[in-house]
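Undergrad: Before I ask anything, here is the structure I am working with.
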Amino acid sequence: MSKDKVALIIGAGDYLGSAIARRFAKEWFHAVGTRRRGDIVSFVKEIEDSGGKATGKHSDARKEEQVVELVECVENEIGPIEVFVFNIGGNVMFSILDTTTRVYTKVWEMCALAGFLTGREVARRMVSRKRGTMLFTGAT
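This is the structure:
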């Protein structure tokens, strides 16, 4: 385990999340970025090529067992999470009048449930250490 300050960014996709990870790496954090699927290697390579430290992981923040596994892995293999950023958002391309219960449930799982699960799991460790910062952002 390193002695780096660790920033865990949930939702480090192509735009804001990966930009957040890059910024933390510039501030001498080991940036750990996650996303459910898709390219997770590009921003890691970009950070490492500029002298920073980064790790990318695929994880579904809507799945409690994956969240527990992710946080345990980060804390055990990289270091204690100093900063946690929840940055998941979704694009709903139609009005509320056309939103089905199924679509609303998926958005709720992605934005609310995932925030609860990841925030709770990270908070358990931060509270016991009596330190840490949590930031929740996102858009739908």
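Counting from -17, one number per residue, gives the positions in the sequence shown under my numbering. We put the beta carbon where it would ideally sit given N, CA and C, even for glycine. All values reported here derive from a predicted model rather than from experimental measurement.
1. For the region 92 to 109 and the region 46 to 65, state whether three or more C-beta atom pairs, one from each stretch, are separated by less than 8 Å.
2. Is Val65 near Thr115, with beta carbons less than 8 Å apart?
3. Might you give, ordered along the chain, the residues of its own chain that have their beta carbon closer than 8 Å to the beta carbon of Arg107, omitting 5 neighbours on each side?
4. Along the chain, where does the beta strand (DSSP E) that runs through Asn73 open and close?
5. Return yes when the Cβ of Val74 is within less than 8 Å of the Cβ of Thr81, no when it is not.
6. Kindly list the residues whose CB is nearer than 6 Å to the CB of Ser32, restricted to its own chain and excluding five residues on each side of it in sequence; keep chain order.
7. Would you report the Cα separation of Glu30 and Lys39, rounded to the nearest angstrom?
8. Is it buried or exposed, Phe76, if we count other Cβ atoms within 10 angstroms and call 16 or more buried?
9. Give a yes or no on whether the C-beta atoms belonging to Ala36 and Ala7 are separated by under 8 Å.
10. So Gly120 and Gly71 are supposed to be a Cβ contact under 8 Å. How far apart are they, rounded?
11. Report the partner residues of Leu(-10) according to the DSSP bridge assignment.
12. Mind checking whether Ile(-9) and Ala3 have CB atoms under 8 Å apart?
13. With DSSP as the reference, label Thr115 as helix, strand or coil.
14. Sort Ala(-6), Ser110, Gly97 by Cα distance to Glu46 and report the nearest one.
TA: Let me lay it out:
1. Here the region 92 to 109 makes contact with the region 46 to 65; the two share three or more CB pairs at distances below 8 Å.
2. Yes, these two residues count as a Cβ contact at 8 Å.
3. Only residues of its own chain outside the window of five on either side were considered, and among them Val53, Glu57, Pro62, Ile63, Gly114 have a CB closer than 8 Å to the CB of Arg107, listed in chain order.
4. Segment: none, Asn73 is in no beta strand (DSSP E) and carries neither H nor E.
5. Going by C-beta atoms, Thr81 is nearer than 8 Å to Val74.
6. Contacts found: none.
7. So the alpha carbons of these two residues sit roughly 15 Å apart.
8. Around the Cβ of Phe76, a 10 Å sphere holds fewer than 16 other Cβ atoms; the residue is exposed.
9. Cβ atoms of Ala36 and Ala7: closer than 8 Å.
10. Yes, they are in contact, since the Cβ atoms of Gly120 and Gly71 sit about 4 Å apart, within 8 Å.
11. According to the DSSP secondary-structure assignment, Leu(-10) is paired through a beta bridge with Val14, Phe66.
12. Closer than 8 Å, so yes.
13. Thr115 falls in the strand class under three-state DSSP.
14. Of the candidates Ala(-6), Ser110, Gly97, the one whose C-alpha sits nearest the C-alpha of Glu46 is Gly97.
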